[in-house]
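K.L.:
What follows is a single structure, and I will ask about it in a moment.
Printed below as a string of structure tokens:
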């Protein structure tokens, strides 16, 4: 991890979905020497560098990255939800349980399959790595403090799953997926409500989620009370040619 421009650049391995530069630009331009060093580190590993630049960041950072060869890669919306008046979900035919360790690999597979078969609608966002990389990243991330997993079942069959991370009063909704055959049955809503209630019980005051603009995911979270906080543009420095 490299501190850069008020944010951080994270590199795990070549195709990791968590490789990115995030949070930079709130104090103006990023130092060119530090940025060049960061780009060189990613390039040595044959990896692209994706900068997630908030609309709240200094516009100078957008121009700086474009000048350095970064290309537009899409957009994301960041939405928030106050957790002060969350109501616990009532009984439903979709059962949502906190993950048991025996279901960890199953949840990783569900998340990978759901992400690799995106729902219709929305403006393109983050580039997805291969399924094996998604599963591996999930299994690795799971060891980070504060993460909780959830499994959704219909009539005993696992149909979806989601992840929540709690950190200093903030609940980060870190992804959810429904298997394609079980979509349009309320699985995402059930997962959202269960995690909102758990986050409120844990003492969190705000929930945060990232979606693609105009996507089904954004529609789902807005129906449950999330509101747009800001957007961010994905600017990508391509990996060096092999």
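Numbering (my numbering), first residue to last: 273 to 514.
Virtual Cβ for every residue (Gly too), placed ideally from N, Cα, C.
(1) Cα-Cα, which of 327, 343, 422 is closest to residue 509?
(2) On the three-pair Cβ rule with 8 Å, is the segment 492-504 touching the segment 340-354?
(3) Closer than 8 Å is the cut-off here; do at least three beta carbon pairs connect the segment 284-302 with the segment 317-324?
(4) Where are the beta strand (DSSP E) runs, 3 residues long or more, that stay fully inside the segment 416-470, in chain order?
(5) Would DSSP call residue 323 helix, strand or coil?
(6) Is DSSP giving residue 336 helix, strand or coil here?
(7) Under the rule that 16 or more other beta-carbon atoms within 10 Å means buried, what is residue 305, buried or exposed?
(8) Under 7 Å Cβ to Cβ from residue 500, same chain only, skipping five residues before and after it: list those, please.
(9) Is it right to say residue 433 is buried, meaning 16 or more other beta carbons lie within 10 angstroms of its own, or is it exposed?
(10) Counting beta carbon pairs with one atom in the segment 441-455 and one in the segment 305-319, are three or more of them shorter than 8 Å?
(11) What are the complete beta strand (DSSP E) segments, minimum 3 residues, inside the segment 287-320?
(12) Excluding five sequence neighbours on each side, which residues of the same chain lie with their C-beta closer than 8 Å to the C-beta of residue 458?
(13) Following the continuous alpha helix (DSSP H) through residue 493, name the residue where it begins and the one where it ends.
(14) Which stretch, first to last residue, makes up the beta strand (DSSP E) that contains residue 367?
(15) List the endpoints of the continuous alpha helix (DSSP H) containing residue 387.
(16) Got a sec? Which residues, its chain only, sit under 7 Å from residue 302 by beta carbon, not counting five neighbours each side?
(17) Indicate the three-state DSSP secondary structure (helix, strand or coil) for residue 343 in the structure shown.
(18) Buried or exposed for residue 383, please, with buried defined as at least 16 other CB atoms from any protein chain shown within 10 angstroms of its CB.
(19) Is the separation between the beta-carbon of residue 441 and that of residue 497 shorter than 8 Å?
(20) Where do the N-terminal and C-terminal ends of the beta strand (DSSP E) with residue 505 fall, by residue?
(21) Would a C-beta distance cut-off of 8 Å place residue 423 and residue 379 closer than the cut-off?
(22) My output table needs one value for residue 413: the three-state DSSP class, helix, strand or coil.
(23) Determine the burial state of residue 298: buried for a count of at least 16 other Cβ atoms within 10 Å of its Cβ, exposed for fewer.
(24) What's the call for residue 428, buried or exposed, on a 16-neighbour Cβ count within 10 Å?
(25) Should residue 445 and residue 415 be called a contact, given that it needs their Cβ atoms to be closer than 8 Å?
(26) Which residue marks the beginning of the beta strand (DSSP E) containing residue 330, and which one marks its end?
P.N.:
So, to answer that:
(1) 343
(2) yes
(3) yes
(4) 419-426, 429-439, 442-450
(5) strand
(6) helix
(7) exposed
(8) 349, 351
(9) buried
(10) no
(11) 292-294
(12) 364, 366
(13) 488-495
(14) 366-370
(15) 376-388
(16) 276, 277, 296, 333, 336
(17) strand
(18) buried
(19) no
(20) 499-509
(21) yes
(22) helix
(23) exposed
(24) exposed
(25) no
(26) Residue 330 -> no beta strand (DSSP E), and no H or E assigned at all.
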